[in-house]
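Take a look at the structure below.
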Amino acid sequence: MTEQTVRLTTAQALVKFLNQQYIEVDQQVTPFVEGVLGIFGHGNVLGLGEALATDPGHLKVYQGHNEQGMTSTAIGFAREKLRHKIYAVTASAGPGSANFVTALGNAYANGIPVLALPADTFASRQPDPVLQQIEVDSSAATTTNDALKPVSKYWDRIQRPEQLMSALLKAFEVLTDPLQAGPVTICLPQDAEAEAFDYPVSFFQKRVHHVKRVAPSKQEMNDMLSLIKKSQYPVIFVGGGAKYSEAAPEIQSFSEKFNVPLVETASGKSAIPNTFANNLGGVGILGTSAANKAVMQADLIIGAGSRYTDFTTSSKTGFDPNQTAIININLNRLQAIKFDALPVFADIKATFAQLNQQLTDYRSHFNQLAELKQEWNEERQRLAQVDYDAPDFTPEIDDSFGKDHLDEYVQALGTKLSQPEAVIAVNDHVAQDAIMVAAAGSLPGDVHRLWNTSTANTYHLEYGYSMMGYEIAAALGAKRAKPDQEVYALVGDGSFLMLHTELVTALQYGQKINVILFDNSGYGCINNLQLGHGGRSFMTEQMTSQGQIMNIDYAKVAEGYGTKTYRATTIPELLQALADAQQQTTSTLIDIKVLPKTMTHDYDNAWWHVGDPEVSVLPTVQESYQDTQEHLKQAFLY
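Start counting the sequence shown at 177; every next residue gets the next number (my numbering).
Quick look at the structure:
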């Protein structure tokens with residue numbers, strides 16, 4: 177019997193297939209693909225563009241304004257949906273598709289599913305070279321889209337319409353699998369995209385991708401229980417995997433039952449709110465004193481979905497390799513074996529559920545958790561009330577910057593406001609369920625330490641790839657994921673200049689986001705790095721060629737787009753702006769002028785391994801190199 181077919185172009189078949197993809201998590205079945213974000217040009221407007229225009233099905237289609245930006249929106253959306261829903265993104269051939277690289281690298285590093293559909297050159301090569309095509313001498317088969325291979329978990333090119341079927345089956349296996357989750361790229365040559373084929377109707381039946389919770393084996397459970405019972409000072413590292421596993425209730429129950437403190441990575445923060453007594457906050461280079469002190473005391477670390485980046489582990493010096501055993505619970509085997517740990521290849525929620533049942537007659541020896549947390553809360557309160565005019569005022573970061581140079585910023589920017597003061601004020605005065613989005617620069621340190629969460633999954637920090645320009649675009653993605661919650665993008669001036677085009681998209685579609693712009697007229701994080709390692713300030717302050725500090729009116733820039741804008745150089749001005757912004761229905765931007773060198777510093781011997789020069793004419797650089805060598809003697813090497 178001949179199977180029934182339907183004649184469709186490759187692009188039409190793609191759209192029809194996307195409409196039939198569903199995901200099942202804990203008996204809840206929902207559509208997996210929310211929609212498509214696109215910038216249409218000659219490579220995709222006639223094929224995929226026509227298919228979406230005539231029959232999009234349930235897919236929501238939005239116009240983007242920068243390929244990197246709209247892909248960041250898709251990443252922000254998928255993160256807020258805990259990887260249970262995605263957007264696809266499409267762009268024209270050549271430079272448009274090349275702009276996917278940075279954002280797909282972000283998705284790859286953070287394990288976030290995104291479907292990239294870049295247009296490509298002609299499979300037939302008839303008009304070779306086509307507009308925007310690069311010609312590679314070594315291979316006529318190489319196109320711009322080959323640059324997307326290293327940042328894709330799965331990559332394919334559809335040279336014939338029938339190839340679409342096997343490619344999409346493989347693509348969605350990656351996109352829906354918690355172990356493999358990440359970006360997928362399906363390249364669409366312009367001719368093949370528009371060519372027709374008699375596709376089997378069965379290919380377009382409803383497909384439900386089931387997410388299985390892999391339980392730990394009996395041996396893994398026995399080994400974990402043995403290590404935990406031997407330990408006196410265990411600490412849980414709550415990573416992004418714990419958030420995506422939705423393991424918070426089980427981890428919190430374990431922590432309460434056995435008096436085990438938990439600390440948070442950048443991706444894991446807010447899986448369990450800061451209001452939980454045993455949550456000691458962010459860990460590592462950007463960590464709180466409470467979290468880092470507990471980890472230094474630990475004789476066992478229980479990693480719950482952490483990749484153990486250098487910032488989380490203080491470049492592998494945050495805990496003592498001679499006293500600290502490690503358990504890694506992770507579906508990814510390469511992540512689970514880090515630090516030569518006891519690997520548990522299992523779902524985090526399922527694993528902690530079993531630990532809660534099987535662990536008996538145990539309680540940690542920690543008896544000062546409340547004191548550690550109170551000590552940190554007092555430090556946070558101190559940072560909320562910095563007085564620049566006090567006789568004993570010194571910069572939080574690097575005294576060598578000098579009060580005289582800070583005075584120049586006071587005059588140029590018209591402010592005496594410190595960055596921590598402003599961060600804490602925002603945190604303490606927005607709604608408890610407001611979502612905070614941040615990324616690269618000095619702000620991740622301040623928010624990871626200072627931003628308290630009282631509602632789960634309201635902290636959205638991209639620090640797996642530290643991508644400048646992510647914040648505003650991802651805030652739009654978060655808003656699309658959770659339209660009933662206020663969303664705040666905390667962004668530095670350097671990052672704002674990198675990329676803010678999706679602010680226009682938010683205005684275009686009436687999806688309100690709030691941009692909190694911290695302007696210190698420079699790249700403060702990297703300037704700190706230069707000076708803190710004995711170097712000189714070089715190309716990291718926003719100055720004219722005459723040495724004048726730049727004062728850009730970012731509120732006026734945003735106002736030109738149609739944003740409701742505010743300016744703040746004092747806490748009262750900031751609070752007034754926040755209050756009014758909450759009442760607005762359109763997107764807002766608050767331009768806050770803050771002083772450099774006032775962001776928070778490292779706590780309790782947190783250390784970052786960077787490339788200190790072994791040879792330098794500067795004695796201060798030589799000293800920094802020697803300091804690095806001493807730290808490396810205390811570090812894990814694997």
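Glycine is no exception: its CB is placed at the ideal position from the N, C-alpha and C atoms.
query	result
Same chain, Cβ closer than 8 Å to residue 666, neighbours up to 5 away in sequence not counted	599, 602, 612, 613, 614, 619, 623, 647, 692, 694
Cβ neighbours of residue 746 in the same chain (closer than 7 Å, five flanking residues each side left out)	593
C-alpha gap between residue 807 and residue 493, whole angstroms	7 Å
Proximity below 9 Å, CB of residue 415 to CB of residue 479	yes
Rounded straight-line distance, which links the Cα of residue 810 to that of residue 732	50 Å
Residue 476 beta carbon less than 9 Å from that of residue 410	yes
Proximal residues to residue 884 (C-beta, below 6 Å), its chain only, five neighbours per side dropped	Lying before the first or after the last residue shown, residue 884 is absent from the chain, which here runs from 177 to 814.
Beta-carbon separation (whole angstroms), residue 324 vs residue 380, contact threshold 8 Å	That belief does not hold up - the Cβ atoms of residue 324 and residue 380 are roughly 27 Å apart, past 8 Å.
Check whether residue 679 and residue 739 have beta carbons under 9 Å apart	yes
For residue 629, the three-state DSSP class (helix, strand or coil)	coil
The segment 778 to 797 / the segment 756 to 769 touching (three or more Cβ pairs under 8 Å)	no
Inter-residue Cα distance where the pair is residue 220 and residue 726	41 Å
Beta carbon of residue 255 nearer than 9 Å to that of residue 650	yes
Reduced DSSP secondary structure (H/G/I, E/B, other) of residue 476	strand
Cβ neighbour criterion (16 or more within 10 Å) applied to residue 349	exposed
Same chain only: Cβ atoms within 6 Å of residue 225, ignoring 5 sequence neighbours per side	216
Residue 451 versus residue 637: straight-line alpha-carbon distance, rounded	19 Å
6 Å Cβ shell around residue 539 - same chain, five flanking residues per side excluded	434, 435
Residue 462 versus 814, 779, 674, 796, residue with shortest Cα-Cα distance	779
For residue 585 and residue 698, the rounded distance between their alpha carbons	11 Å
Proximity below 9 Å, CB of residue 503 to CB of residue 524	no
Span of the alpha helix (DSSP H), counted from its first residue to its last, around residue 796	795 to 808
Top-ranked residue by Cα proximity to residue 352, from 207, 744, 268, 591	207
Residue range of the beta strand (DSSP E) that includes residue 743	740 to 744
Whole-angstrom distance between residue 517 and residue 495, CA atom to CA atom	14 Å
Three CB pairs or more closer than 8 Å across the segment 561 to 579 and the segment 438 to 458	no
Residue range of the unbroken alpha helix (DSSP H) whose run includes residue 696	Run containing residue 696: none; DSSP gives neither H nor E here.
Where the alpha helix (DSSP H) containing residue 253 begins and where it ends	243 to 256
Range of the contiguous alpha helix (DSSP H) that encloses residue 552	545 to 559
Residue 634, DSSP secondary structure in three states	coil
Contact the segment 307 to 327 vs the segment 335 to 345: 3+ CB pairs below 8 Å	no
Rounded straight-line distance, which links the Cα of residue 610 to that of residue 661	6 Å
Residue 236, enclosing beta strand (DSSP E) - first and last residue	236 to 239
Sequence-distant residues of its chain with Cβ nearer than 6 Å to residue 700 (five each side left out)	618, 772
Per DSSP, cross-strand counterpart(s) of residue 206	199
Which residues DSSP lists as bridging residue 413, in chain order	439, 479
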